[in-house]
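In this note's numbering, the protein residues as written are 6 to 464.
Read through the structure below, which is laid out as structure tokens, and then see the notes.
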Ligand code: 5AD
Ligand code: SF4
């Protein structure tokens, strides 16, 4: 969501005449778009602000703005903590940013704008996104959250859940497709409740509409809340051919006692039941999840239930975090906090278990042929051949199940296909690594420039 917001910020600043630079030292204006979901994210934001403060000592004209969730949470405190900061703007102030920057430029004043309204409509002025030729991009469909999980800061810094009108979403995606985008990831804290409050269409209905956009090849979405994840969405995977075969369904814990204390509003059994239905309806679907270890009061037995759930589901990938207290989240007040040492230990145990499943799921694809949406060049490495100084170029793309596949491009003798970003190429998976796959495109260039599938390769 922050990546998307940063694009929005960049577009608004471009309208003021600013250009992006990759060199911090030459910037006239630096906007730090912050995240406060976990304590570590907030620490990172402040340590980067410390670095910027040093820069401003050498370059007093530099304007420093802090946006995003830390800005929303801390407000004017940031001005006191980092005197070099000129502007603090909250999660709903992006549309006002050009005015704020202009004011600072003219008056050299310091501004805090962190107003959070109950009914904010996510910005709709989206025609000017700078995409630099990206094949895949994010599209926010809703903002905020009404779920109030007890560990979570989001409802406090992003405000109440608000959905964008489907017509605006369609307009945005159509314009993205015109600029070369082939894959969109629809974003919301809980996409399953899209449109409900406003009486717009349902999320599966939105998926069907997006699916009809000509030129768009793939649709992803995140995040789904298990309590609202129903059979209509499970069926949407089947009925919409562009919806990718992957779901991110955060479980957070495998213990009913902890799920209740987290206010997640589902049980372990309900979650597992939904997973079974999903696997039955969509064979081969990749399932990923989020888990928090060391939630206050989590016993060894609770933790083992989480490990047990992982063994039952066998996730394709997992984001695991140690619990951290967040301001205004109710769990701050919960007793029986787990020591940092114990939390780290549990995280390591859990990650070790997951490693086996990730590797196993990757290994299972070796020998198969997968359609890969080519994203671009992943890296250039020296060919190691002095007679041939050109670097070897590796390309990268993803399977529908969201697994990264790297391969040689058409300048390499081993590749006979036409390779370019945005193309879907059938790829024979040759090797599995811990976090990626290695493959070989199996299409051959025809004399006329068209492509012919090399069926003999198919597993
Ligand atoms: N501590 C640790 N992890 C957290 N998450 C959210 N809040 C916290 C917290 N206070 C994790 C959840 C969520 C993901 C985005 O971040 O797993 O799904
Ligand atoms: Fe946070 Fe829960 Fe909302 Fe997700 S659903 S953003 S974890 S409050």
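Here a beta-carbon is modelled for each residue, glycine too, at the ideal position from N, C-alpha and C.
None of the values given here were measured: they were computed from a predicted structure.
- Check the Cα spacing between residue 204 and each of 167, 25, 221: the tightest is with 167.
- Its chain contains 367, 368, 371 as the residues whose beta carbon lies nearer than 6 Å to that of residue 437, once the 5 sequence neighbours on both sides are disregarded; these appear in chain order.
- Residue 362 has its alpha-carbon roughly 24 Å from the corresponding atom of residue 263.
- Straight-line spacing of the CA atoms in residue 210 and residue 37 works out to 36 Å.
- Excluding residues up to 5 positions away in sequence, 140, 187, 188, 222, 223, 402, 403, 429 lie with their Cβ nearer than 7 Å to the Cβ of residue 378 in the same chain.
- Under the DSSP assignment, residue 304 falls outside any beta strand (DSSP E); it carries neither an H nor an E label.
- Contact check for residue 318 against residue 292 passes: the beta carbons are separated by less than 8 Å.
- Boundaries of the alpha helix (DSSP H) harbouring residue 276: 273 to 286, taken from the DSSP string.
- Remark: C-beta atoms of residue 95 and residue 121 approach each other more closely than 8 Å.
- In this structure, residue 161 has its beta carbon at no less than 7 Å from each heavy atom of the ligand SF4.
- Linking residue 89 to residue 21 through their CA atoms gives a straight-line distance of about 22 Å.
- Its Cα nearest to that of residue 215, the residue 178 stands out among 7, 178, 192.
- Contact between the region 228 to 245 and the region 256 to 273 is established, with three or more Cβ pairs separated by less than 8 Å.
- CA-CA distance, residue 87 to residue 358, rounds to 42 Å.
- Here DSSP, grouped into helix, strand and coil, assigns residue 81 to coil.
- When 441, 410, 42 are compared, the shortest CA-CA separation from residue 77 is found for 42.
- If one requires a minimum length of 3 residues, the beta strand (DSSP E) runs lying completely within the region 13 to 53 are 34 to 39, in chain order.
- For residue 253, the uninterrupted beta strand (DSSP E) run begins and ends at 251 to 253, by DSSP.
- Here the C-alpha atom of residue 201 lies approximately 9 Å from the C-alpha atom of residue 208.
- Under DSSP, residue 294 shares a beta bridge with 323.
- Boundaries around residue 94 are those of the beta strand (DSSP E), 92 to 94, since no alpha helix (DSSP H) includes it.
- DSSP places residue 68 inside the beta strand (DSSP E), whose first and last residues are 68 to 72.
- Within the region 137 to 175, the complete alpha helix (DSSP H) segments at least 4 residues long are 159 to 163, listed from N- to C-terminus.
- The beta carbon of residue 170 sits no closer than 7 Å to any heavy atom of the ligand SF4.
- Under the three-state reduction of DSSP output, residue 369 falls in the coil class, being neither helix nor strand.
- Nearest in C-alpha terms to residue 322, of all of 399, 407, 55, is 407.
- The Cβ-Cβ distance between residue 17 and residue 116 does not fall below 8 Å.
- At a cut-off of 4 residues, the continuous stretches assigned as alpha helix (DSSP H) that sit fully inside the region 334 to 384 are 345 to 368.
- In the three-state scheme derived from DSSP, where H, G and I count as helix and E and B as strand, residue 413 is classed as strand.
- Burial check for residue 305: the Cβ neighbour count within 10 Å stays below 16, so the residue is exposed.
- In this structure, the straight-line span from the alpha carbon of residue 110 to that of residue 240 is close to 53 Å.
- With a cutoff of 8 Å on beta-carbon distance, residue 156 and residue 325 are scored as not near each other.
- Distance between residue 85 and residue 79, taken at the CA atoms: about 10 Å.
- Distances from the CB of residue 68 to the heavy atoms of the ligand 5AD are all 7 Å or more.
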